[in-house]
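Asker: So in full-length UniProt numbering, spot 281 of the sequence shown is number 281, and the numbers just go up one at a time.
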Amino acid sequence: MDGEVERFIKVWLTTISCLCYCYYIASRIPKGFMRLLFLLPILNLFPTLPFNLSSFHLGGPTTFFLVWLGTFKLILFSFNQGPLALSPPNILHFISIASLPINPKQHSPTKNNHTNNTQKPKWLLLLKVLIFAMIIRAYDYREKLHAHFILVLYCCHMYLGIKFVLALSPILIRTLLGFEIEPQFNEPYLSTSLQDFWGRRWNLMVTRILHPTIYYPIYPIFICFVGPSCAMTSAMLATFLVSWLMHELIYYYLTRVTPTWEVMCFFVLHGVRTTAEMATKKVMLRPLLCEAVAFIKTQILLLQSAYKIQDVKSLVRAERYGFQSHFPLEQRPTSSRGNQDITWQKLRRDPLFIEEDEVVGLDGPRGILENWLTKGRKKRTVISVVGIAGVGKTTLAKQVYDQVRNNFECHALITVSQSFSAEGLLRHMLNELCKEKEEDPPKDVSTIESLTEEVRNRLRNKRYVVLFDDVWNETFWDHIESAVIDNKNGSRILITTRDEKVAEYCRKSSFVEVHKLEKPLTEEESLKLFCKKAFQYSSDGDCPVKAKGPSGEGRRPKWRRTKPPSGEG
1 MDGEVERFIK VWLTTISCLC YCYYIASRIP KGFMRLLFLL PILNLFPTLP FNLSSFHLGG
61 PTTFFLVWLG TFKLILFSFN QGPLALSPPN ILHFISIASL PINPKQHSPT KNNHTNNTQK
121 PKWLLLLKVL IFAMIIRAYD YREKLHAHFI LVLYCCHMYL GIKFVLALSP ILIRTLLGFE
181 IEPQFNEPYL STSLQDFWGR RWNLMVTRIL HPTIYYPIYP IFICFVGPSC AMTSAMLATF
241 LVSWLMHELI YYYLTRVTPT WEVMCFFVLH GVRTTAEMAT KKVMLRPLLC EAVAFIKTQI
301 LLLQSAYKIQ DVKSLVRAER YGFQSHFPLE QRPTSSRGNQ DITWQKLRRD PLFIEEDEVV
361 GLDGPRGILE NWLTKGRKKR TVISVVGIAG VGKTTLAKQV YDQVRNNFEC HALITVSQSF
421 SAEGLLRHML NELCKEKEED PPKDVSTIES LTEEVRNRLR NKRYVVLFDD VWNETFWDHI
481 ESAVIDNKNG SRILITTRDE KVAEYCRKSS FVEVHKLEKP LTEEESLKLF CKKAFQYSSD
541 GDCPVKAKGP SGEGRRPKWR RTKPPSGEG
């Protein structure tokens, strides 16, 4: 056994040396076939390393980690895809992700996250421990148990054993490496179908590797030969065949005997049944989908009609009350939604271009924000300005941003709005950072992962400030968290939002400071602001004498209620 341990250590020292080579090659060779060519010696070496081991407990995991997962991860890495492309610029992280069955947790809005990230009840874990203990105890009576029941015990034993080991892995990795990992299992006993079992619940690390290496590349090829209707099932069946080959290879490493093809029958059968299951669902759900599409189309037509009616009513009111319409009748957009979008964009842009001497009543908050932005902790900090619409969040944030941005090496201003997309947000950030350096944005960046990496590269080791204006959704932080790297040099992220939950959501991975902009203007400040806007083009820029009282102070305005003409709402 001592010789086996010594060989095991040599195998993994060789693996670490190979991965160090891969790490440094990636920084010098661009992604593509050229990088794959330089990684071919490592891809040829990995399948030979497990032959140095003969024991099940050392040879089995090594074979699975290196021959299957490690090789496939390096192939994806050649084209800047997969978990290694998203790993932090740290050689220890790179080696760990390449050689172990772990995948860093990434927050991506465009991919459906099928894993259950909610907190599991503690009693469920205790129940699994109890079942595991009962299985171990049941082995003492195996002579009295049916052979098929013993096979069931073996399956449960394997699942629960791996489950307990992997339950400790996130804690160790979080402590040693500092990042979260995706779960390996998602309660497979709750599966409702074979597609659910293989695609969303069982051995998810393998699923995340097989999809980008097998399924996605060959799916377009099958479209050319069998058409879109059969391409999905054909690509899925091909993925099952590759899984069979890899399982058969692992069993050969462990037993060193000629395959007997039971594994092939198992995976081919499951592949055929899964594709048949998908085809059945497609046929059964098609009528329901047609009805749903028809309903949505009807609602869209009704909504468009409602907008046109609103346009007509607006024109009638404008004509009746003598208002000047922004659009002549023949040039007016067909939908009031177009008018609303233009007006909304103007309302969003205007506060970003207000001059400093036009701002009233924000001196106190401005000093607080400037202090948070330029002083304090070195860790990355999110500073949030929270308040209702129209209270001056954007105006305040833009004024402070303009005041302090020269204290930072990089700065960017991004308007988020309610209907943002993750790709658009990251691309806007990249464009702003490139524009600041008078560079052209890279043209070969098309995925969220590559956009994230480009933004990280431009912010790395720099003190930066980024203003995100008008954030609505609290999950906004999930989309940019990986991009806004923590350089521990006083970088700041300034956001404006109406919802305090947006700011609180960022606390899960960053320091947060919140300023609630809710104190209304005083009467004097209100009059001052009114005069700046209403009489800004008068000779002295001040209120006329008639608008002031005997002492020269502004008089309290008196309002009177007016009724619309009869027949109008």
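By construction, the Cβ of each residue, glycine as well, lies at the ideal position given by its N, Cα and C atoms. None of these values were measured; they are calculated from a predicted model.
Per DSSP, residue 410 forms a beta bridge with which residues?
Answerer: For the purposes of this step, residue 410 is identified with residue 410 of the sequence shown, where counting begins at 1. Note: residue 410 sits in a beta bridge opposite 464.
Asker: Could you have a look at residue 67 and say whether DSSP puts it in helix, strand or coil?
Answerer: Counting from 1 along the sequence shown, the entry for residue 67 is found at position 67. Correct three-state label for residue 67: helix.
Asker: Enumerate in chain order the residues of its own chain whose CB-to-CB distance from residue 95 is below 8 Å, with the five nearest sequence positions on each side excluded.
Answerer: For the purposes of this step, residue 95 is taken as the residue at position 95 of the sequence shown. Closer than 8 Å at the Cβ level, and outside the excluded window around residue 95, lie 16, 19, 20 and 23.
Asker: Is the Cβ-Cβ distance between residue 603 and residue 410 less than 8 Å?
Answerer: Since the first residue of the chain shown is 1 and the last is 569, residue 603 is not available in this structure.
Asker: Can the beta-carbon of residue 400 be found less than 8 Å from the beta-carbon of residue 517?
Answerer: Counting from one through the sequence shown, the residue named residue 400 turns up at place 400. Counting from one through the sequence shown, the residue named residue 517 turns up at place 517. No, they are not a contact pair.
Asker: Looking only at its own chain, which residues have a Cβ that is under 6 Å from the Cβ of residue 132, when we skip the five neighbours before and after it?
Answerer: Your numbering for residue 132 matches position 132 in the sequence shown. Hits under 6 Å: 160.
Asker: Which residue's Cα is closest to the Cα of residue 138: 126, 156 and 448?
Answerer: Counted from its first residue, the sequence shown places residue 138 at position 138. Nearest option by C-alpha distance: 156.
Asker: With respect to the beta strand (DSSP E) encompassing residue 493, which residues constitute its N-terminal and C-terminal limits?
Answerer: Taking the first residue of the sequence shown as position 1, residue 493 is located at position 493. Taken as a continuous stretch (DSSP letters only), the beta strand (DSSP E) holding residue 493 covers 492-497.
Asker: If residue 78 sits next to residue 39, beta carbons under 8 Å apart, how far is it from one beta carbon to the other, in whole angstroms?
Answerer: Here residue 78 is taken as the residue at index 78 of the sequence shown, counted from 1. Here residue 39 is taken as the residue at index 39 of the sequence shown, counted from 1. Between residue 39 and residue 78 the Cβ distance is about 6 Å, and since that is below 8 Å, they are a contact.
Asker: If we ignore side chains and look at the alpha-carbon of each, how far apart do residue 93 and residue 293 end up?
Answerer: Locating residue 93 in the sequence shown gives position 93, where the first residue counts as 1. Locating residue 293 in the sequence shown gives position 293, where the first residue counts as 1. When rounded, the distance between both Cα atoms is 46 Å.
Asker: For my contact list, residue 188 and residue 202 are in at a C-beta cut-off of 8 Å; report their separation, rounded to the angstrom.
Answerer: Translated into the one-based positions of the sequence shown, residue 188 becomes position 188. Translated into the one-based positions of the sequence shown, residue 202 becomes position 202. Yes, they are in contact, since the Cβ atoms of residue 188 and residue 202 sit about 5 Å apart, within 8 Å.
Asker: Go ahead and label residue 150 buried or exposed: buried means 16 or more other beta carbons lie within 10 angstroms of its beta carbon, across all protein chains shown.
Answerer: Counted from its first residue, the sequence shown places residue 150 at position 150. By the 10 Å Cβ count, residue 150 comes out exposed.
Asker: Spatial neighbours of residue 416 within its chain, please: C-beta separation below 6 Å, excluding the five flanking residues on both sides.
Answerer: For the purposes of this step, residue 416 is identified with residue 416 of the sequence shown, where counting begins at 1. Correct list, in chain order: 468, 470 and 471.
Asker: Could you tell me which uninterrupted alpha helix (DSSP H) segments, each at least 4 residues in length, are contained entirely in the segment 36-95, listed from first to last along the chain?
Answerer: Runs found: 56-62, 71-78 and 83-86.
Asker: State the beta-bridge partners of residue 181 as determined by DSSP.
Answerer: The residue you call residue 181 lines up with position 181 of the sequence shown. The partner list for residue 181 (beta bridge, DSSP) reads 104.
Asker: If we call anything under 8 Å between Cβ atoms a contact, is residue 74 one with residue 43?
Answerer: In the sequence shown, counting from the first residue as 1, residue 74 sits at position 74. In the sequence shown, counting from the first residue as 1, residue 43 sits at position 43. It is a contact, given that the beta carbons lie within the stated cut-off.
Asker: Can you tell which of 440, 134 and 204 has the C-alpha that lies nearest to the C-alpha of residue 154?
Answerer: As a position in the sequence shown, residue 154 is number 154, starting the count at 1. For the residues 440, 134 and 204, the minimum Cα distance to residue 154 belongs to 134.
Asker: So, helix, strand or coil for residue 131, using DSSP?
Answerer: Looking up residue 131 in the sequence shown gives position 131. Helix, per DSSP.
Asker: Starting from residue 17, trace the alpha helix (DSSP H) both ways and give me its first and last residue.
Answerer: Working through the sequence shown from its first residue, we reach residue 17 at position 17. From DSSP, the alpha helix (DSSP H) with residue 17 extends over 2-26.
Asker: Which one or two residues does DSSP pair with residue 469 in a beta bridge?
Answerer: Against the sequence shown, residue 469 aligns to sequence position 469. Paired residue(s): 415.
Asker: Does DSSP classify residue 383 as helix, strand or coil?
Answerer: Numbered from 1 along the sequence shown, position 383 holds the residue referred to as residue 383. Residue 383: strand per DSSP, three-state reduction.
Asker: Tell me whether the beta-carbon of residue 184 lies closer than 8 Å to the beta-carbon of residue 205.
Answerer: Your numbering for residue 184 matches position 184 in the sequence shown. Your numbering for residue 205 matches position 205 in the sequence shown. Cβ atoms of residue 184 and residue 205: closer than 8 Å.
Asker: For residue 461 and residue 499, I'd like the C-alpha separation in whole angstroms.
Answerer: What you label residue 461 is simply residue 461 of the sequence shown in a count that begins at 1. What you label residue 499 is simply residue 499 of the sequence shown in a count that begins at 1. Each residue's Cα considered, the two are about 31 Å apart.
Asker: Ordered along the chain, which non-local residues of its own chain (more than five positions away) have a Cβ less than 7 Å from that of residue 442?
Answerer: To locate residue 442, count along the sequence shown from 1; it is residue 442. The answer, listed in chain order, is 454.
Asker: What residues match up with residue 514 in a beta bridge as DSSP calls it?
Answerer: By 1-based counting over the sequence shown, the position of residue 514 is 514. Paired residues: 384.
Asker: So, helix, strand or coil for residue 352, using DSSP?
Answerer: Walking along the sequence shown from the start, residue 352 turns up at place 352. Caution is warranted here: a pLDDT of 48 is assigned to residue 352, below 50, making its placement in the model unreliable, and the coordinate value is therefore given only provisionally. Correct three-state label for residue 352: helix.
Asker: So for residue 438, helix, strand or coil by DSSP?
Answerer: Within the sequence shown, the letter at position 438 stands for residue 438. Coil, per DSSP.
Asker: So for residue 212, helix, strand or coil by DSSP?
Answerer: Taking the sequence shown and counting its residues from 1, the one referred to as residue 212 is at position 212. Helix.
Asker: Helix or strand or just coil, what does DSSP make of residue 223?
Answerer: Position 223 of the sequence shown, counted from the first residue, corresponds to residue 223. If DSSP states are grouped into helix, strand and coil, residue 223 belongs with the helices.
Asker: Answer with buried or exposed for residue 81, where buried requires no fewer than 16 other C-beta atoms within 10 angstroms of its C-beta.
Answerer: Here residue 81 corresponds to residue number 81 of the sequence shown, with the count starting at 1. Classification for residue 81: buried.
Asker: With residue 230 as the anchor, note down where its alpha helix (DSSP H) starts and where it stops.
Answerer: Mapped onto the sequence shown, residue 230 falls at position 230. Looking at the DSSP string, the run of the alpha helix (DSSP H) that includes residue 230 is 228-255.
Asker: Quick test of your reading: residue 52 and residue 5, contact by CB under 8 Å. State the CB separation rounded to the nearest angstrom.
Answerer: Sequence index remark: in the sequence shown, residue 52 carries index 52 (1-based). Sequence index remark: in the sequence shown, residue 5 carries index 5 (1-based). Incorrect: roughly 12 Å between the Cβ atoms, too far for contact.
Asker: If distances are taken between C-alpha atoms only, which option among 128, 176, 490 and 299 comes closest to residue 90?
Answerer: To locate residue 90, count along the sequence shown from 1; it is residue 90. Among 128, 176, 490 and 299, the Cα nearest to that of residue 90 is on 176.
Asker: How about residue 493 and residue 502: are their beta carbons less than 8 Å apart?
Answerer: Counted from its first residue, the sequence shown places residue 493 at position 493. Counted from its first residue, the sequence shown places residue 502 at position 502. Cβ atoms of residue 493 and residue 502: not closer than 8 Å.
Asker: Within 8 Å, do at least three Cβ pairs link the segment 263-281 to the segment 231-239?
Answerer: Segments in contact, yes.
Asker: Is there contact here, the segment 475-490 with the segment 372-392, by at least three beta-carbon pairs under 8 Å?
Answerer: Cβ pair count under 8 Å is three or more, so yes.
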